[in-house]
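Under the working numbering, the letters of the sequence shown match residues 48 to 353, in that order.
All C-beta atoms in this analysis are idealised placements derived from N, C-alpha and C, irrespective of residue type, glycine included.
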Amino acid sequence: MQKTADAAQEVPPALLFEMIRSFVTLASTLNLSHAVKDLDSTRQTVRRHISHLENSMGAPLFLVEDRRYQLSSLGESVLPDAKDFLARGTLWLRGQSRTVGALQRLQANVDDWDFYQQQQPLGKIWSDPSLLLRETFRAWTMARGEIESKWFAHVRPYLIIYRQSDIGWICVEFGQKSVYVKWFGQDYARSSIGRPISKMPAGVEFSHLIYEAFDEVQAAQMARLDHVLTHMPRSDAETLVPVAYQRLILSGAFPDGSPAVMSLVLPVEELNISDLEPGRTNNLGPVEQFEFPSEEAIFEKLLVDP
């Protein structure tokens with residue numbers, strides 16, 4: 048199957064979204080009958096969609112033997128982008144996803160649960176009043192992302208650490224001085240170890256874009272800073288309380304070289320999320336943190352007193 052010059056200039060078909068849905072659904076089930084049922088479609092339609100995509104790309108997306116489907120190397124490589132395309136397209140149409148200054152802004156409102164997230168320039172770390180935020184970022188660079196590095200030991204108790212698994216990113220460590228422990232308590236935090244990051248009530252597409260940040264940070268070996276406004280339960284009540292915080296996500300590695308992601312959640316004095324409706328920041332629940340002693344900020348002290 049060879050891609051022609053005409054195919055390279057082909058205008059995307061009007062049904063491209065549905066074609067990609069067919070591809071993603073079949074890729075997740077690897078069973079045509081199951082995919083047809085999930086899509087509420089027909090076998091002919093799904094086959095036609097896949098065929099059109101394969102003709103445009105110039106190579107098969109699936110290998111089929113005895114009616115058993117398996118992703119080809121091309122199919123595996125384009126699947127993440129296909130999922131991202133569906134998620135972004137769906138949320139864009141709902142008005143839940145857009146960019147502000149070329150950075151991501153997400154929004155979801157489901158019953159009494161709200162979620163707003165806006166990506167921040169990393170340079171804001173240096174002007175932020177949080178000493179712990181600056182120190183954690185500096186420690187991460189000195190440790191080269193290695194969790195067990197001696198340069199990382201003094202900030203590690205404030206972090207949540209995740210490991211990549213077949214079911215997604217799972218929590219493997221809640222620092223004893225992390226905001227999560229401060230908010231929910233040590234016993235609740237321990238019971239959450241080993242669990243995957245929970246799905247959000249806003250749907251699969253929204254969850255995909257939220258958790259995509261973890262994959263991107265790890266794949267590119269980078270860092271990301273977000274401001275978040277949402278509702279969370281308190282450990283002593285079922286009522287959801289509005290909270291505002293900033294989250295620094297850092298790529299990392301365990302001693303065996305397997306990938307990790309580290310998350311530092313901190314209170315934010317000024318929430319930078321554009322176009323918030325009036326009253327959204329009223330009655331905010333306090334996001335408290337354990338005190339980070341200034342004498343432990345070894346890298347900050349080097350700059351102040353070299």
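Judged by DSSP secondary structure, Ile217 falls within the beta strand (DSSP E) whose first and last residues are Gly215 to Phe221. For Phe199, no beta strand (DSSP E) encloses it, and the DSSP letter there is neither H nor E. Contact between the segment 334-347 and the segment 195-212 is established, with three or more Cβ pairs separated by less than 8 Å.
For His274, the closest C-alpha among the options Leu62, Leu150 and Ser103 is that of Leu150. With at least 16 other beta carbons inside 10 angstroms of its own, Lys130 counts as buried. Considering only Tyr292, Gly332, Gln268 and Arg68, the residue with the shortest C-alpha distance to Leu126 is Arg68. Taking a C-beta distance under 9 Å as the contact criterion, Ser225 and Pro204 qualify as a contact pair. Residue range Trp160 to Gln167 is occupied by the beta strand (DSSP E) that includes Gln165. Glu182 is positioned such that its CB atom lies closer than 9 Å to that of Val202. In the structure shown, the three-state DSSP call for Ala270 is strand.
Under the DSSP definition of a beta bridge, Ala61 lacks any partner. The beta strand (DSSP E) runs lying completely inside the segment 64-119 and spanning 3 residues or more are 109-112 and 115-118, given in chain order. Taking a cut-off of 8 Å on C-beta distances, the segment 170-187 touches the segment 295-302, as three or more cross pairs fall below it. By the Cβ criterion, the segment 145-164 is in contact with the segment 261-281, since at least three pairs of Cβ atoms, one from each stretch, lie closer than 8 Å. In the structure shown, Ser239 adopts helical secondary structure according to DSSP, grouped into three states. Phe301 and Ala291 have their C-alpha atoms roughly 30 Å apart. Between the alpha carbons of Arg95 and Phe70 lies a distance of about 11 Å. Beta-carbon to beta-carbon, Arg135 and Ser144 are separated by about 6 Å, close enough to satisfy the 8 Å threshold. In this structure, the CA atom of Leu180 is about 16 Å from the CA atom of Gln166.
Looking from the CA of Leu77, the closest CA among Pro59, Leu62, Ile97 and Phe64 belongs to Ile97. Shown here, Pro127 sits in a helix according to DSSP, grouped into three states. Membership of Ala300 in the beta strand (DSSP E) is indicated by the continuous run Leu287 to Ala300. Just measuring C-alpha positions, the residue of Gln117, Ser120 and Met66 sitting nearest Thr89 is Met66. Residues of the same chain with a CB within less than 7 Å of the CB of Ala74, apart from the 5 flanking positions on each side, are Leu118, Gly122 and Leu126 in chain order. Rounded to the nearest whole angstrom, the CA to CA distance from Leu350 to Pro340 is 17 Å. By the Cβ-count criterion, Trp173 is exposed, with fewer than 16 other Cβ atoms from all chains shown falling within 10 Å of its own Cβ. Rounded to the nearest whole angstrom, the CA to CA distance from Asp213 to Pro333 is 35 Å.
In this structure, DSSP gives Arg181 a helical state, which the three-state scheme calls helix. Residue state for Ile320 is assigned as coil, using DSSP reduced to three classes. Distance from Lys229 to Gln336 at the Cβ level is roughly 6 Å; contact confirmed, criterion being Cβ atoms closer than 8 Å.
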